[in-house]
Amino acid sequence: FKPTTFAAPRHSRSCCSGCPICCPTTLAAVYGEPRPVQIIPSVLPADFGKLGADCKALEDAGCDRIQFDVMDGNFVPNLTFGPDTIRWCRQYTTLPFETQLMVSEKCTDAMLPQFTEVTKGPNGEPGVVIVHVEACTHLHRALSSIRAAGGSPSVALNPHTPPEMIENVLDLVDHVLVMTVNPGFGGQAYIPTMTDKIRKIRKWIVDRNLDVDIEVDGGIKATKETIGACAEAGANCFIAGSGLFAYDDMAQGVKELTALAKEGQGLPANA
Ligand SMILES: O=C(CO)[C@H](O)[C@H](O)COP(=O)(O)O
């Protein structure tokens, strides 16, 4: 008796996105070349009474960028801060900034130029400005105006929003932010069904040869089930709020998150 042997399926653009269902015998790692891992804290768990100092602490811990969560009490049931707060923080760190606008359309329309300006780097470098697809009737216009004002345009989608809603703006953005919790509050649990959404968006990006990062935001911790699964599916920018601030030594947190993300990408931790 000679057992039948099967050639291990290989990932290819005509095959699938490298998912473990279609290609069970291959390493279930990111489809296409992995992009650099970036650890980006959300400021939500910070002490807003000394936000500048907390931003400096995040820089000292080795973070790549800082996310400012702007909430208007309308698009989400919580209220945080406006552009002046971000402008003040610029004096305390040279880290790049990103601003996630969890605000209704009226606020986006009125204040996008201000948010784009305060999100810039210390020497006017483009900062990442994220608008929600659900809050922009004219998404194409909002993203183009961020670019025109010297920002780095990015689009976010809520957990219930199908990925097809951003498919036709992928050529306009530098990042797609997949919300892995319902926006509004930190400290919520990662929604596991978001992993397939990441995989689908990643396949569009690679197949169209686009230069776009995928960010994930919500419930990201130093665990295989959260940051590891997202990295394996194709995310490379990881927003961590409570998952990073939980560490007494946040530099250790950055190290652990990075190592698990690289492992998810199928790379050694020191790559
Ligand atoms: O956008 C957000 C909430 O709307 C936060 O960035 C997000 O929830 C991060 O917090 P945590 O890591 O604690 O889940």
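Using mature numbering (1 follows the signal peptide of the UniProt record, and there is no 0), you'd call the opening residue of the sequence shown number 1 and step up by one each time. Just so you know, even glycine gets a beta-carbon here, dropped at the ideal spot from N, CA and C.
Determine the DSSP secondary structure at residue 275, reduced to helix, strand or coil. Absent from the model: residue 275. The displayed extent of the chain is 1 to 271, so no value can be given.
Tell me the rounded alpha-carbon separation between F245 and Q67. Mapped onto the sequence shown, residue 245 falls at position 245. Mapped onto the sequence shown, residue 67 falls at position 67. Taking C-alpha positions only, F245 is separated from Q67 by approximately 13 Å.
Let me check understanding here. Comparing Cα to Cα, which of A135, L157, H175, K50 lies closest to Q38? The residue you call residue 38 lines up with position 38 of the sequence shown. When only C-alpha atoms are compared, the closest one is H175.
Whole angstroms are fine: how far does the CA of V131 sit from the CA of I227? Mapped onto the sequence shown, residue 227 falls at position 227. Mapped onto the sequence shown, residue 131 falls at position 131. Approximately 23 Å, taken between the alpha carbons.
Considering just the uninterrupted stretch of the alpha helix (DSSP H) at M194, what are its terminal residues? Within the sequence shown, numbered from 1, the residue matching residue 194 stands at position 194. Per DSSP, M194 belongs to the alpha helix (DSSP H) from 194-207.
Can you find at least 3 beta carbon pairs, one from the region 100-117 and one from the region 50-60, that sit closer than 8 Å? Put simply, the region 100-117 does not touch the region 50-60. Fewer than three CB pairs are less than 8 Å apart.
Any heavy atom of ligand 1 within a distance shorter than 7 Å of the CB on P183? The residue labelled residue 183 in the question sits at position 183 within the sequence shown. Yes, the Cβ of P183 comes within 7 Å of a heavy atom of ligand 1.
G253 to P41, Cα distance in whole Å? Counting from 1 along the sequence shown, the entry for residue 253 is found at position 253. Counting from 1 along the sequence shown, the entry for residue 41 is found at position 41. Their Cα atoms are separated by approximately 11 Å.
To the nearest angstrom, how far is the alpha carbon of Q265 from that of V30? Position 265 of the sequence shown holds residue 265. Position 30 of the sequence shown holds residue 30. For Q265 and V30, the distance between alpha carbons rounds to 5 Å.
CA-to-CA distance, P268 to Q100, given in whole angstroms: Taking the first residue of the sequence shown as 1, we reach residue 100 at position 100. Taking the first residue of the sequence shown as 1, we reach residue 268 at position 268. For the pair Q100 and P268, the Cα-to-Cα distance works out to about 31 Å.
Beta-carbon contacts of L79 that lie in its chain and below 7 Å, excluding the five residues immediately before and after: As a working note, residue 79 is residue 79 in the sequence shown. Correct list, in chain order: M71, D72, G73.
So within the region 118-171, which uninterrupted alpha helix (DSSP H) runs reach at least 4 residues, ignoring any that extend past its ends? Assignment of alpha helix (DSSP H) within the region 118-171, counting only whole runs of 4 or more residues, yields 139-148 in chain order.
Given K50 as reference, the closest of D60, C89, D207 once Cα atoms are compared: Here residue 50 is taken as the residue at index 50 of the sequence shown, counted from 1. Nearest option by C-alpha distance: C89.
Pop quiz: I201 and V178 are said to be a contact at Cβ under 8 Å. What is the actual Cβ separation, rounded to whole angstroms? By 1-based counting over the sequence shown, the position of residue 201 is 201. By 1-based counting over the sequence shown, the position of residue 178 is 178. Right, the Cβ-Cβ distance comes to about 7 Å (below 8 Å), so this counts as a contact.
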